[in-house]
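Please read the structure below before turning to the comments.
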């Protein structure tokens, strides 16, 4: 008997080891920890295997949504009956109501299911793309996952009972590698860089900067991981956090100083002076990021900066006056140096505080482009005897009107696959991400950072700028080997933009004041654009005009960083011709038919109950 029990438990151990090793990623979806989603991506098979484990004895639901709500969502509902049979139904929601059975095909394939006194677990599989009109393709970029559950199973021929408050939505990078998978070395050290009890003003948007001195000096270190530290309860207050290296030679009297970052409220101009080379960057919703084993971000050498500026962007739309914040960043570093020195390159829109970028109101989709010209990258590579750089990850960033971001890559007039893209961008989920495959950028290549905006509900022109109700378009690219280059960015000139409104001459100041014609003299660029009658046709005409506008171009490193108290000014250039556009391969549709509402074939018999109590079972084996 004891031998039979041992054999059985050995099989249980084998199956448990298999089950635990199957899933590459794991996320808790709800705030109470009741709904856990695990999944594994099979690139070769072009499919994802999911497992949900939920604190319920009833049905569980998971869906892919275009916007975080139910309408137009691809939904699967599963449960386990009293006899241990698991069921799964592929459904589609057209509104906020019970999702209907997908009548085209059942493409979510049931693998297994179990239930005990406290939890229900269902495992299932889905191809990336089924070409079913009632399914949503699983694509690179942000996936908005919706979930729900109820404590009762559906009754035959009856719709599932209502979930009540047991529901939610969460944005995930379903196809990306987990940034936490790379293990840390034993000798890793940590450093926290935190602001101290900053009294956040009762204002919609605040950029607060504070200067710190690095304690790691006199030898070279590699930063191998970074993460944001947000004071509990301030998750919605802290919009983004960026740690910048101040240029070498920056006056150490700035250490400990905290002030508004930009404009007239900055007494020192520290924000403009230091916001160049990035140590670490985080946006709302982003988590930790660990570099691969052969790469590290260098600091500590004699030629390296010794001062850090922390830029905190606070988003306070309710104008609260009772926030005192002590958030910041935590970096992990080691003395075990790695093969490659990593850098962070900022591409996209140069935000100098003026509304150089404009998006008209009422636009279903409006695209803005910004250029990293080829001579910038080529000159920096040549100066350091480098033929190419390799991009391994990055962050894509815009604000509330942003719906898609792309870092496009061109070589010899032909567009290559994008360096990074997110066609379903979520402002509330801005995670530093690994690239699926490293991208080589050679001398002569150029980068076009492109953002799509949606302004259907906005009555006025949306301009570029720092607050979240204004817009940005940025790609922070993590690459090696590190160049003496921090920004390769551009912004449209006022003169080029305002020709659309028949403006003849404009003074390139903060708001682009019109000089002629006489009837418009003294009006700002924003006033001009807000007083146009924006019809769909006019929006389309301005779209065509904006993509042809000339830009100011900036190729910056810390040696030519803007002196304190001065505004940046770039070189005027024509936009790069967009010839030879990239044509992605058409995905082959895959169909896995589960045959409708199907009971699971039990994998590893008797495992469904034993897996939960596996530690106790293992102790029994030891006792034998």
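Numbering (the working numbering), first residue to last: 445 to 1068. Backbone N, C-alpha and C define an ideal beta-carbon position, used for all residues, glycine too.
>> Check this for me: beta carbons of residue 843 and residue 914, under 8 Å apart or not?
In response: yes
> Using DSSP with H/G/I as helix, E/B as strand and the rest coil, what is residue 747?
Replying inline: coil
> Can residue 839 and residue 874 be called in contact, C-beta distance under 8 Å?
Replying inline: yes
>> Rounded to the nearest angstrom, what separates residue 1058 and residue 491 at their Cα positions?
In response: Any reading at residue 1058 needs caution, since the residue's pLDDT is 40, under 50, leaving its predicted position unreliable; the model's value is listed next. Rounded to the nearest angstrom, the two C-alpha atoms are 29 Å apart.
>> Please give me, in chain order, every unbroken run of the beta strand (DSSP E) with length at least 3 that falls completely inside the region 535-600.
In response: 553-559, 564-571, 587-593
>> What ranges does the beta strand (DSSP E) occupy inside the region 814-885, keeping only unbroken runs of at least 3 residues that lie completely in it?
In response: 832-842, 846-855, 858-866
>> Tell me the DSSP secondary structure of residue 963 in three-state form.
In response: helix
>> Tell me the residue span of the beta strand (DSSP E) that contains residue 917.
In response: 917-924
> Terminal residues of the continuous alpha helix (DSSP H) containing residue 603?
Replying inline: From DSSP, residue 603 is part of no alpha helix (DSSP H); its letter is neither H nor E.
>> I need the straight-line Cα distance from residue 871 to residue 526, nearest angstrom please.
In response: 43 Å
> Of the choices 524, 690, 946, whose alpha-carbon is the least far from that of residue 654?
Replying inline: 690
> Taking just the CA atoms, how far does residue 706 sit from residue 1052?
Replying inline: A caution first: residue 1052 carries a pLDDT of 35, below 50, which makes its placement in the model unreliable, though a value can still be read off. So the alpha carbons of these two residues sit roughly 59 Å apart.
> Within this structure, are the beta carbons of residue 994 and residue 1021 separated by less than 8 Å?
Replying inline: no
> Quick one: what does DSSP say residue 931 is sitting in, helix, strand or coil?
Replying inline: strand
>> Using only the alpha-carbon positions, how far apart do residue 682 and residue 876 sit?
In response: 16 Å
> beta strand (DSSP E) containing residue 685: first to last residue?
Replying inline: 682-689
> Taking the C-alpha atoms as reference points, what is the distance between residue 739 and residue 977?
Replying inline: 53 Å
> Quick one: Cα of residue 732 to Cα of residue 713, how far?
Replying inline: 30 Å
> Is the region 614-634 close to the region 751-762, with three or more CB pairs under 8 Å?
Replying inline: no
>> For a test of the three-state rule: what should DSSP assign to residue 997, helix, strand or coil?
In response: strand
> Three-state secondary structure (DSSP) at residue 955?
Replying inline: coil
> Apart from the five residues on each side of it in sequence, which residues of its chain come closer than 7 Å, Cβ to Cβ, to residue 636?
Replying inline: 673, 772, 774
> Going straight from the alpha carbon of residue 734 to that of residue 668, what length do you get?
Replying inline: 6 Å
>> So, does the region 579-595 touch the region 494-512, judging by three or more C-beta pairs under 8 Å?
In response: yes
>> Please state the DSSP three-state secondary structure of residue 707.
In response: helix
> Do you know how far the Cα of residue 920 is from the Cα of residue 743?
Replying inline: 19 Å
>> Am I right that residue 589 and residue 617 are in contact with their C-beta atoms under 8 Å? What's the rounded C-beta distance?
In response: So it is not a contact: roughly 11 Å between Cβ atoms.
>> Assuming residue 501 and residue 595 are in contact, meaning their beta carbons sit under 8 Å apart, how far apart are those beta carbons, in whole angstroms?
In response: 6 Å
> What does residue 718 pair with, by DSSP beta-bridge criteria?
Replying inline: Answer is none; residue 718 lacks a bridge partner.
> Got a sec? Which residues, its chain only, sit under 8 Å from residue 882 by beta carbon, not counting five neighbours each side?
Replying inline: 834, 835, 836
> Should residue 646 be labelled buried (16 or more other beta-carbon atoms within 10 Å of its own) or exposed?
Replying inline: exposed
>> Classify residue 610: buried if its beta carbon has 16 or more other beta carbons within 10 angstroms, exposed otherwise.
In response: buried
>> For residue 768, count the other beta carbons within 10 Å of its own beta carbon; 16 or more makes it buried, fewer makes it exposed. Which is it?
In response: exposed
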